[in-house]
């Protein structure tokens, strides 16, 4: 267990400079955007005279140099203050925290679907490399990987929501349904079925291909031949020896894909009107609320770092070689 | 040329090559077949496909010719996909070579920068960039390249790390070649092939990100984009689902063609290495 803890500490230490670069980059983009917070305020409040504008700039610290403002931004971030959203007239942190759980639910469910079903189908394909099933699944997954998630979402809506009326069109739950407990969970599950499918199906192909490629590699190794020589049943060789040893690359991919999935959820949430972080991002774009948009970027960077950390821990627990040869300091 | 023959001998290469050739043809022929503005009104709005010979794929909500839009959209998709991927591979290879060749603090700093870019979701980064700078063809290309250069950079660095220990690099150093010249003339050309294997995935991703950006209304407003067509059709999803479905099929075919061609190229390279 100390091995995993050491790994966590090392990862967190390298995450600090990375996060700093992201923050400076976000600040740079904020500087590049035309107009500042005062302009945005004036645009929403209907204007003001030159003296009031100058006073506002001074009060909000906008008359200082870029370096001083960057330092102030960093200091505020250190206190967990992401700034003020002009378009929503609320602290950015509150808005983001309100929306984050919906996105995490969507991402978590889509990850479970793509990883679970993807690696299961990968095992089916990799059980007999070169067989008909293998070729069918490999080509099929390539085709699936070429489908844009938002378009898949629209097609699913056309078929399942509009033509067949099986599933709700949009939203995360029935508004003011008064449902509690299990009934509410079922309602949310019904609403999330299509978004999760459209987000998860794309990545399913990725895990399938990784699993299959890994298994094809393991099949060539001596211990598999030894297992076959010992007379183990084929099913047992496939599951307990080949698949098990091919599982690590897909798990590594879980961490790498967390960023990509978070990006994908922006469009999917917009298609299905799910009040999550992604939809907030496109709302921020529409309202030209750059501070809010960059707050979302920062929070997603933190989410990605944490997701990768989780994957690292899982990896260390699964593979005893990981982290064991690192200095003990 | 042998490379191309190997490529055509793989089933993936044949299928991908055929699809891409057709799509490239559509992109080249679009201004000839459909001269004039594809965003101009051509006929009465919301005509079904396959009913009017003048507008074979029907018309959209505003009466624009869907087939003309589709053909002109091919140009945007291919242009953005190729330009963004080209820029991403160039920048990535340069950064990766610099990091791997310089080593030490430069390497450390460049790799932290790469990691920072990988930590921010690519699509969110592109979205933020386009929304801050303003949507135009150039910003969309830069935004996509900005979010795609990290993977080629990592691969180029790994290649350079192994190449710089080879004998011919030591020989170049021994004859007194300038380090920058060694990096550019000896190391980079040999580090490039593994990066290029990645090119098909980067092009495909660039096309998909462009589509998603224009679907959210952040494409160049003066050009037809498939993503924009899907978003436009979405408004009348109940009455005219084909308006969203048709451009999506074009998108899937293009991306599939790129993937298949990429697989074929990788296989052809492996075969050439295997053949005497």
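Chains as they are written, first to last, in this note's numbering: chain A, 1350 to 1678; chain B, 19 to 294. C-beta: ideal position from N, C-alpha, C; glycine also. The model shown is predicted, which means the values in this text are computed figures rather than measured ones.
Please report whether the beta-carbon of residue i lies at a distance below 8 Å from any beta-carbon of chain B.
| i | result |
| --- | --- |
| residue 1322 of chain A | Since the first and last residues shown for chain A are 1350 and 1678, residue 1322 of chain A lies out of range. |
| residue 1639 of chain A | yes |
| residue 1545 of chain A | no |
| residue 1629 of chain A | no |
| residue 1676 of chain A | Per-residue confidence for residue 1676 of chain A stands at a pLDDT of 46, beneath the threshold of 50, marking its modelled position as unreliable; no derived number is given. |
| residue 1650 of chain A | yes |
| residue 1357 of chain A | no |
| residue 1622 of chain A | no |
| residue 1507 of chain A | yes |
| residue 1450 of chain A | no |
| residue 1494 of chain A | yes |
| residue 1370 of chain A | yes |
| residue 1660 of chain A | no |
| residue 1441 of chain A | no |
| residue 1480 of chain A | no |
| residue 1376 of chain A | no |
| residue 1511 of chain A | yes |
Just tell me which of the options has its CA closest to the CA of residue i.
| i | options | result |
| --- | --- | --- |
| residue 1450 of chain A | A:1373, A:1636 and A:1624 | A:1624 |
| residue 57 of chain B | B:130, B:43 and B:85 | B:85 |
| residue 1444 of chain A | A:1351, A:1540, A:1431 and A:1455 | A:1431 |
| residue 1454 of chain A | A:1521, A:1592, A:1564 and A:1602 | A:1521 |
| residue 157 of chain B | B:269, B:285, B:90 and B:236 | B:236 |
| residue 1448 of chain A | A:1603, A:1618 and A:1460 | A:1618 |
| residue 1391 of chain A | A:1460, A:1381 and A:1406 | A:1406 |
| residue 60 of chain B | B:67, B:45, B:68 and B:78 | B:78 |
| residue 1608 of chain A | B:225, B:123 and B:134 | B:134 |
| residue 1372 of chain A | A:1354, A:1408, A:1418 and A:1398 | A:1418 |
| residue 48 of chain B | B:93, B:179, B:26 and B:67 | B:93 |
| residue 233 of chain B | B:109, B:208 and B:153 | B:153 |
| residue 1518 of chain A | A:1397, A:1589, A:1614 and A:1540 | A:1540 |
| residue 1468 of chain A | A:1633, A:1588 and A:1631 | A:1588 |
State the start and end residues of the unbroken alpha helix (DSSP H) segment that holds residue i.
| i | result |
| --- | --- |
| residue 1623 of chain A | Neither: residue 1623 of chain A is in no alpha helix (DSSP H) and is coded neither H nor E. |
| residue 1568 of chain A | 1530 to 1568 |
| residue 160 of chain B | 155 to 164 |
| residue 190 of chain B | 185 to 192 |
| residue 78 of chain B | Premise fails: residue 78 of chain B is in no alpha helix (DSSP H) and is neither H nor E. |
| residue 129 of chain B | 122 to 137 |
| residue 1483 of chain A | 1481 to 1494 |
| residue 176 of chain B | 168 to 181 |
| residue 247 of chain B | 244 to 252 |
| residue 225 of chain B | 217 to 233 |
| residue 195 of chain B | Unbroken run through residue 195 of chain B: none, as it is neither H nor E. |
| residue 20 of chain B | 20 to 27 |
| residue 1500 of chain A | 1498 to 1505 |
| residue 149 of chain B | 140 to 151 |
So is residue i in contact with chain A if we call contact Cβ pairs under 8 Å?
| i | result |
| --- | --- |
| residue 241 of chain B | no |
| residue 282 of chain B | no |
| residue 56 of chain B | no |
| residue 28 of chain B | no |
| residue 294 of chain B | Bear in mind that the predicted position of residue 294 of chain B carries a pLDDT of just 40, short of 50, making it too unreliable to give a figure here. |
| residue 263 of chain B | yes |
| residue 68 of chain B | no |
| residue 277 of chain B | yes |
| residue 254 of chain B | no |
| residue 303 of chain B | Outside the modelled stretch of chain B, which goes from 19 to 294, sits residue 303 of chain B, for which no answer is possible. |
| residue 230 of chain B | yes |
| residue 96 of chain B | no |
| residue 270 of chain B | yes |
Task: Three CB pairs or more closer than 8 Å across the segment 249 to 257 of chain B and the segment 1504 to 1513 of chain A - done: yes
TODO: Inspect the CB distances between the segment 1469 to 1480 of chain A and the segment 1612 to 1632 of chain A and report whether three or more fall short of 8 Å.
DONE: no
Task: contact_flag[the segment 1592 to 1599 of chain A, the segment 1642 to 1660 of chain A] where n(CB pairs < 8 Å) is 3 or more - done: no
Task: At least 3 beta-carbon pairs within less than 8 Å: the segment 235 to 249 of chain B vs the segment 1663 to 1671 of chain A - done: no
- [ ] Indicate whether the contact test is met: 3 or more Cβ pairs, each with one atom in the segment 33 to 42 of chain B and one in the segment 263 to 283 of chain B, closer than 8 Å.
- [x] yes
Open item on the list: Between the segment 1350 to 1366 of chain A and the segment 1651 to 1664 of chain A, can you find at least three pairs of beta-carbon atoms closer than 8 Å?
Closed with: yes
- [ ] Determine contact between the segment 259 to 266 of chain B and the segment 1495 to 1503 of chain A, defined as no fewer than three beta-carbon pairs at a distance below 8 Å.
- [x] yes
Task: Every unbroken beta strand (DSSP E) inside the segment 1350 to 1374 of chain A [3 residues or more] - done: none
- [ ] Just list the alpha helix (DSSP H) runs in the segment 1396 to 1448 of chain A, keeping only unbroken ones of 4 residues or longer that don't cross its boundaries, in chain order.
- [x] 1399 to 1408 and 1415 to 1427
TODO: Identify every run of the beta strand (DSSP E) within the segment 1574 to 1652 of chain A, keeping only runs that are complete inside it and at least 3 residues long; order them along the chain.
DONE: none
Task: Segment contact, 8 Å Cβ cut-off, at least three pairs: the segment 99 to 114 of chain B with the segment 165 to 181 of chain B - done: yes
Task: At least 3 beta-carbon pairs within less than 8 Å: the segment 266 to 276 of chain B vs the segment 1486 to 1499 of chain A - done: yes
TODO: Answer yes if the segment 212 to 223 of chain B comes into contact with the segment 1455 to 1474 of chain A, meaning at least three C-beta pairs across the two stretches below 8 Å, and no otherwise.
DONE: no
Open item on the list: Taking 8 Å as the cut-off, does the segment 188 to 195 of chain B touch the segment 124 to 142 of chain B (at least 3 CB pairs, one atom from each stretch)?
Closed with: no
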